[in-house]
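To start, the structure under review is shown below, and the notes come after it.
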Amino acid sequence: MRRLLLMAWVILLCLMEASAAHAQLKRIVFIRYPIPASHFTTVLDGFKTTMSQQGFQEGRQVEYIDIITRSADTTSIPEVVAAVKQWRDRADLIVTCGWVSMYARPLLKESRTMQLFLPVLKSVAQTMLPSVTKQPRTNLTGLYLMYPPEKILRLCRLLLPGMTRYAYIYDSRIPADMIFKSGYQKLPTAQRYDIDLHLFDLAAGIDTVLMQLREHKIEAYGGIVGSFTLRQELASSKLPVITSFTLDIDQQDLATFVQEGNIVAGLYNPFRYCGEQGALITADIFSGRTTIEQSSPRPAMQLAFVNLAAARRLGLHVSLAALDAVDIVVQ
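Per this note's numbering, residue 51 is the first one in the sequence shown, and the count goes up by one each step.
This is how it looks when you write it as structure tokens:
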């Protein structure tokens, strides 16, 4: 009997210790949406790996709650709001990926829970923070993406010196597409490089957009989320794509990803880098080396690429000046 009681006490002590250890875990909640190709998985993987390297092991010092919304458009806003409300008072950090950050922000702004955006467009970060170059002085920081429309049109001019008509293809139901559209609309004349800019909405239907491309004699086009989702249908236009990539793919996979189709050039940000940098910020905060209020937002790594394989298929000659202007050349 005494032996059974002793064993019971040992088991109880072990359970109490396990419960206490679990209570001390830092809880990190990820809220992401299904963006091609991997739904911000490389952000999560890069974050976890770097946190482990910084001494924050999953299951020992930190635990992760991972939430993926059902869609990439605004129909998922109620899911985002519900997730933030569920974890707002139970998490040490809420990591928001992409446009969902905007809808989480009002619910977290006055709370004690830190918010880290990994990543958002620079224009989105500027709507949530007074500055992306100074200490935030609030419970929000993160990594921001820069896809300057001016740089896209500059690539167009380098690759197609005689072109005059470019189309930005967007989906008015997708927040990221609309934010980037406003960037094009605000471009001053000098930053359009004598290129006539057209804006076509996929919400009108893919057939309508394909007809608009023909009727307006568009020579190249690009976009972000909506145009990528319908990239195969749009490829039937046989027009070169010079675009911004908000794709969740690793850098070494870029060549394989653009091997087929008509993507000739673009701007690409490795999302894994965002996760790694976000983890470094988090580790510094959790270790007491800094606070989130002092952690200035950081720009993501931006790479420009040219896809010679697609250029050859489309009969385009790529100049040495264009090759010198990019970071990656896909043969």
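Idealized CB from N, CA, C, for every residue including glycine.
What residue range is occupied by the uninterrupted alpha helix (DSSP H) comprising residue i?
i	result
residue 376	Neither: residue 376 is in no alpha helix (DSSP H) and is coded neither H nor E.
residue 276	276-279
residue 103	91-103
residue 259	256-265
residue 305	304-307
Opposite residue i in the DSSP bridges: which residues?
i	result
residue 293	316
residue 323	DSSP, once it has assigned bridges, lists no residue as partnering residue 323.
residue 191	166
residue 79	115 and 144
residue 273	219
residue 108	112
Rounded to whole angstroms, what is the Cα-Cα separation between residue i and residue j?
i	j	result
residue 95	residue 203	33 Å
residue 20	residue 99	Only positions 51 to 381 of the chain appear in this structure, which leaves residue 20 out of reach.
residue 259	residue 287	10 Å
residue 354	residue 380	11 Å
residue 243	residue 169	29 Å
residue 182	residue 191	9 Å
residue 382	residue 152	An answer regarding residue 382 cannot be provided, because it is not within the stretch 51 to 381 covered by the chain.
residue 367	residue 213	13 Å
residue 188	residue 350	21 Å
residue 241	residue 200	6 Å
residue 78	residue 165	10 Å
residue 149	residue 276	14 Å
residue 82	residue 266	37 Å
residue 374	residue 330	32 Å
residue 80	residue 147	8 Å
residue 361	residue 314	6 Å
residue 247	residue 293	14 Å
residue 249	residue 231	8 Å
residue 162	residue 186	15 Å
residue 289	residue 270	6 Å
residue 365	residue 262	23 Å
residue 115	residue 128	18 Å
residue 194	residue 344	17 Å
residue 291	residue 157	38 Å
residue 226	residue 206	22 Å
residue 254	residue 137	38 Å
residue 371	residue 356	12 Å
residue 346	residue 178	13 Å
residue 209	residue 122	32 Å
residue 378	residue 74	45 Å
residue 141	residue 76	8 Å
residue 106	residue 333	8 Å
residue 159	residue 358	46 Å
residue 197	residue 236	14 Å
residue 284	residue 274	13 Å
residue 234	residue 217	10 Å
residue 319	residue 145	18 Å
residue 300	residue 369	27 Å
residue 72	residue 297	With a pLDDT of only 45 at residue 72, under the threshold of 50, the placement of this residue in the model should not be trusted; the figure read from the coordinates follows. The straight-line gap from Cα to Cα measures roughly 35 Å.
residue 316	residue 305	12 Å
residue 101	residue 295	26 Å
residue 215	residue 130	38 Å
residue 126	residue 348	27 Å
residue 132	residue 84	17 Å
residue 124	residue 272	22 Å
residue 86	residue 252	17 Å
residue 135	residue 97	23 Å
residue 228	residue 264	23 Å
Which residue marks the beginning of the beta strand (DSSP E) containing residue i, and which one marks its end?
i	result
residue 247	246-251
At a cut-off of 6 Å, would you count residue i as near the ligand FAD, judging by its Cβ distance to the nearest heavy atom?
i	result
residue 352	With respect to small molecules bound, the structure shown includes none, and the ligand FAD cannot be examined in it.
task = Pick out the complete alpha helix (DSSP H) segments inside the segment 121-185, 4 residues or longer, and give them in chain order.
result = 127-137, 150-158 and 172-178
ask   = Enumerated in chain order, which unbroken segments of the beta strand (DSSP E) with a length of 3 residues or greater are wholly contained in the segment 198-243?
value = 215-220
ask   = Along the chain, which unbroken stretches of the beta strand (DSSP E) at least 3 residues long are found entirely within the segment 319-366?
value = 353-357
inquiry  = Would you call the segment 277-291 in contact with the segment 204-223, where contact means no fewer than 3 C-beta pairs closer than 8 Å?
reply    = yes
ask   = How do the segment 80-95 and the segment 309-326 stand: do at least 3 beta-carbon pairs fall below 8 Å, yes or no?
value = yes
query = Does the segment 161-181 touch the segment 304-311, meaning 3 or more C-beta pairs lie closer than 8 Å?
reply = no
ask   = Are three or more beta carbon pairs between the segment 107-115 and the segment 338-350 nearer than 8 Å?
value = no
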